[in-house]
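J.: Just passing along the structure, written as structure tokens.
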Amino acid sequence: MEHEVAFSYGQPIEEQNIDIQKLELSYFFPESNAVNSLPVYWYPVVNAGQLQTSAGSGTIAGGGLGLSWYLANQFKIAVEGGMYYYDNFQFGEKGVAYKDYGGPWQFYYRIGPSYRFDKHARAGIAFQHISNGDRYNSNPAFDAYQVYFAYLF
85 MEHEVAFSYG QPIEEQNIDI QKLELSYFFP ESNAVNSLPV YWYPVVNAGQ
135 LQTSAGSGTI AGGGLGLSWY LANQFKIAVE GGMYYYDNFQ FGEKGVAYKD
185 YGGPWQFYYR IGPSYRFDKH ARAGIAFQHI SNGDRYNSNP AFDAYQVYFA
235 YLF
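Mapping of the sequence shown onto the numbering used here: residues 85 to 237, in sequence order.
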């Protein structure tokens with residue numbers, strides 16, 4: 085299996101009280117067979133990125149595990165889950181336009197299909213949910229649609 089580097093862009097599904105986007109760069113380690121008789125593979129992933137808002141930005145770092153199910157050589161569905169660390173989790177001004185993700189540690193999962201165009205290129209879409217799992221007083225969650233482009237090597 086191959087190494088993969090992907091760039092993704094995410095927009096919230098629902099309107100937020102501040103404009104927010106998520107930019108992320110992910111490194112996918114080579115996949116390992118998860119079930120011998122099926123085209124299902126697992127892989128570790130590390131992530132780095134930014135939450136960009138109309139009221140500032142914050143850095144994201146994290147990682148987790150993924151599971152890929154190949155429906156054909158070019159088409160797969162992937163599910164990932166893990167944790168992020170936010171260096172900034174409060175944006176805006178209270179009482180005006182404010183978003184508080186509660187704390188720096190957040191859980192995430194992502195699911196979506198992708199298509200491999202050639203030996204080195206893959207593109208896909210995904211749904212992502214980010215939440216602190218009620219670990220803090222505030223837990224507004226971030227649900228987003230993402231598009232991503234990957235380079236395989």
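Don't be surprised by glycine CBs; every beta carbon is placed ideally from N, CA and C. It should be emphasised that the depicted structure is a prediction, and the values quoted were computed from it without experimental measurement.
Hey, how far is the Cα of residue 176 from the Cα of residue 139?
T.: Against the sequence shown, residue 176 aligns to sequence position 92. Against the sequence shown, residue 139 aligns to sequence position 55. About 5 Å.
J.: Can you give, in chain order, each stretch of the beta strand (DSSP E) that sits fully within the stretch 125 to 186 and has at least 3 residues?
T.: Runs found: 140 to 154, 159 to 170, 174 to 177, 181 to 184.
J.: Where do the N-terminal and C-terminal ends of the beta strand (DSSP E) with residue 108 fall, by residue?
T.: As a first step, residue 108 must be located in the sequence shown, where it is residue number 24. Start and end: 104 to 112.
J.: Can you tell me whether DSSP reads residue 222 as helix, strand or coil?
T.: Sequence index remark: in the sequence shown, residue 222 carries index 138 (1-based). If DSSP states are grouped into helix, strand and coil, residue 222 belongs with coil.
J.: Output yes or no for whether 8 Å exceeds the beta carbon distance between residue 144 and residue 134.
T.: Counted from its first residue, the sequence shown places residue 144 at position 60. Counted from its first residue, the sequence shown places residue 134 at position 50. It is a contact, given that the beta carbons lie within the stated cut-off.
J.: Could you give the C-beta distance for residue 110 and residue 90, rounded to a whole number, given that I count them as a contact under 8 Å?
T.: Counting from one through the sequence shown, the residue named residue 110 turns up at place 26. Counting from one through the sequence shown, the residue named residue 90 turns up at place 6. The pair is a contact, with the Cβ atoms about 5 Å apart (cut-off 8 Å).
J.: Taking only beta-carbon atoms, is residue 233 less than 8 Å away from chain D?
T.: Absent from the structure: chain D. Only one protein chain is present.
J.: Would you tell me roughly how many angstroms separate the C-alpha atoms of residue 237 and residue 204, rounded to the nearest one?
T.: Within the sequence shown, residue 237 is the residue found at index 153, counting from 1. Within the sequence shown, residue 204 is the residue found at index 120, counting from 1. Rounded to whole angstroms, residue 237 to residue 204 spans 6 Å at the Cα level.
J.: Between residue 128 and residue 151, is the Cβ-Cβ spacing less than 8 Å?
T.: Mapped onto the sequence shown, residue 128 falls at position 44. Mapped onto the sequence shown, residue 151 falls at position 67. Against a cut-off of 8 Å, the Cβ pair of residue 151 and residue 128 comes out as no contact.
J.: If I'm right that residue 228 touches residue 96 with Cβ under 8 Å, what's the distance once you round it to whole angstroms?
T.: Your numbering for residue 228 matches position 144 in the sequence shown. Your numbering for residue 96 matches position 12 in the sequence shown. That belief holds up - the Cβ atoms of residue 228 and residue 96 are roughly 5 Å apart, short of 8 Å.
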